[in-house]
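Written out below as structure tokens is the structure these notes cover.
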DNA sequence: CCACAAAATGAATGCTCATTCATTCGATTA
DNA sequence: TAATCGAATGAATGAGCATTCATTTTGTGG
């Protein structure tokens, strides 16, 4: 087996184990077993346990970034772009529960670390949202008084929390499409029945 | 010192240490030192480490529930109620960073546990949001097609993620009032400039 | 002031892993 | 076939830390 294969085999195993047990309860030996590899082998590919988590996270988010960039490539309308982003994110989370878990874990884990890691994939991912918003504001599609730096977080946070529905079985009666359209609508037009009366 | 005092002294210390180090990196001895108490004393008040985290969480969220219920008591307008909820949550998170951290930690921690813990304070807290929404729908203030069970999560998730701004110093140029009004507006009227063109 | 109980202490225990590294494997080359 | 060397192995190490509990301190009622 080639080196690259083994590396990604370990990443896959780690994702699964981290997702299932959380970072601190995951044993290196669990991951090794899952990857069908000796414990020591893992240290040929990663410096330490935390390095694995970082790698897993960067790789997964990196894929999300690529994927969404591809989807957005030909789209011009900021509104559609936002819809695509939200739909894509939610579908991925639903499809791959481990991914959703790992994002949560790493997000908590890194919290204090993230300061040092400027150029990381995660900020890149978040910034896609704010870029869309700025673009929409330039085209007068989105309100000018929305702060893109806040909105990107609000949107990401909402999606993330909503996606947890699929990881805890409660409320699992909701379908992806339903949730998707809910989130999109809420962010586009809000929840007021008569928004014209606002401000 | 009376028992009740010591109990809450430990809770306070635990909140601080959990917030600073995270659950798994927090040592019982750290908490004991912070509370100016012997390691063993902690076990007179809590069954084990995880029990402490649960207690901390329940107590903190419990206070939030009480607080927000008081604030909402005399309010009749669902729209105002939602505004009050959001403002209150964000202000508390800003005021007490440890609280924000601990919520995150416990949220991750419990993820799988929470299934077993139906009647917990956290669901109670979330349900205040959905109750407000249902009320607004009954009064035709909020759109009928909003699913309260989804919206409550979206709102909570957004607030939580936005509140992280204060825990990682980046972007700390934002003021509470600014963020408050952003989040409220986004959820009430969305980000579209011309929402009437929707659907 | 004493006797007793309750509360508090913190050193000792014992277990759990992350990490290391001496050894083995297996592919390649001559 | 033998020599070489990078990759892989997994048992052994040792540090870290939650929890326990024998002992001490504090509080109370007579």
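Protein chains in written order, with my numbering: chain L, 1 to 199; chain C, 1001 to 1199.
Glycine included, C-beta positions come from ideal geometry on N, C-alpha and C.
None of the values given here were measured: they were computed from a predicted structure.
In this structure, L/87 is the residue among L/58, L/158, L/87 and L/122 with its C-alpha nearest to the C-alpha of residue 71 of chain L. Annotated three-state conformation of residue 192 of chain L is strand, per DSSP. Secondary structure in the stretch 97-171 of chain L: the alpha helix (DSSP H) runs of 4 residues or longer, each lying completely within the stretch, are 97-110, 121-138 and 148-163 in chain order. Membership of residue 1023 of chain C in any alpha helix (DSSP H) is not indicated, and neither H nor E is assigned to it by DSSP. In this structure, the straight-line span from the alpha carbon of residue 1024 of chain C to that of residue 27 of chain L is close to 14 Å.
DSSP places residue 38 of chain L outside both helix and strand once states are collapsed to three, so it counts as coil.
Around the C-beta of residue 1182 of chain C, 16 or more other C-beta atoms lie within 10 Å, and the residue is accordingly described as buried. DSSP places residue 1058 of chain C inside the alpha helix (DSSP H), whose first and last residues are 1049-1072. Segment contact: the stretch 1142-1152 of chain C against the stretch 1090-1105 of chain C, fewer than three CB-CB distances shorter than 8 Å; contact not assigned.
Chain-ordered, the chain L residues with CB closer than 8 Å to the CB of residue 1192 of chain C read 79, 141, 142, 143, 188 and 189. Around the C-beta of residue 1067 of chain C, fewer than 16 other C-beta atoms lie within 10 Å, and the residue is accordingly described as exposed. Counting C-beta pairs with one atom in each stretch, the stretch 176-192 of chain L and the stretch 97-107 of chain L have fewer than three that are closer than 8 Å, which means they do not touch.
In the structure shown, residue 30 of chain L falls within a helical segment according to DSSP collapsed to helix, strand and coil. Residue 1040 of chain C has its alpha-carbon roughly 11 Å from the corresponding atom of residue 1047 of chain C.
Below the 8 Å Cβ cutoff, chain L contributes no neighbours of residue 1048 of chain C, its closest Cβ being approximately 15 Å away. Of the candidates C/1162, C/1011, C/1079 and C/1160, C/1079 places its Cα closest to the Cα of residue 1130 of chain C.
Against chain L, the CB of residue 1024 of chain C has a partner CB under 7 Å away; the residue lies at that interface.
Rounded to the nearest angstrom, the Cβ distance from residue 1084 of chain C to residue 1073 of chain C is 10 Å, too far for a contact under 8 Å.
Following the DSSP letters along the chain, one finds residue 83 of chain L inside the alpha helix (DSSP H) bounded by residues 78-95. Here residue 1038 of chain C has 1032 as same chain residues with Cβ atoms under 7 Å from its own Cβ, once five neighbours each way along the sequence are excluded. The distance from the Cβ of residue 176 of chain L to that of residue 108 of chain L is about 25 Å, inconsistent with a contact at the 8 Å cut-off. Under the Cβ criterion of 7 Å, residue 1195 of chain C is counted among the residues facing chain L. In this structure, the beta-carbon distance from residue 1141 of chain C to residue 193 of chain L falls below 7 Å. In the displayed model, residue 46 of chain L falls within coil according to three-state DSSP, outside both helix and strand. A straight line joining the alpha-carbon of residue 122 of chain L with that of residue 1143 of chain C spans about 34 Å. Short of 6 Å from the beta carbon of residue 19 of chain L, and not among the five residues preceding or following it, lie these beta carbons of its own chain, in chain order: 98, 101 and 102.
Under the 7 Å criterion on CB atoms, residue 1161 of chain C is classed as interfacial with respect to chain L. Between residue 1157 of chain C and residue 160 of chain L a beta carbon distance of about 6 Å is seen, short of the 8 Å cut, so the two are scored as contacting. Taking the CA atoms as reference points, residue 1178 of chain C sits about 29 Å from residue 1059 of chain C. Excluding residues up to 5 positions away in sequence, 1011, 1014, 1015, 1018 and 1102 lie with their Cβ nearer than 7 Å to the Cβ of residue 1056 of chain C in the same chain.
Using a Cβ distance threshold of 7 Å, residue 65 of chain L and residue 125 of chain L count as a contacting pair. Here residue 1077 of chain C has 1141 as same chain residues with Cβ atoms under 8 Å from its own Cβ, once five neighbours each way along the sequence are excluded. Closest option to residue 1034 of chain C, judged by alpha-carbon separation, among C/1008, C/1054 and C/1050: C/1008. In summary, residue 1022 of chain C is buried, with 16 or more beta-carbon neighbours lying within 10 Å of its beta-carbon over all protein chains present. Ranked by Cα distance from residue 61 of chain L, the options L/51, L/45, L/42 and L/106 are led by L/106.
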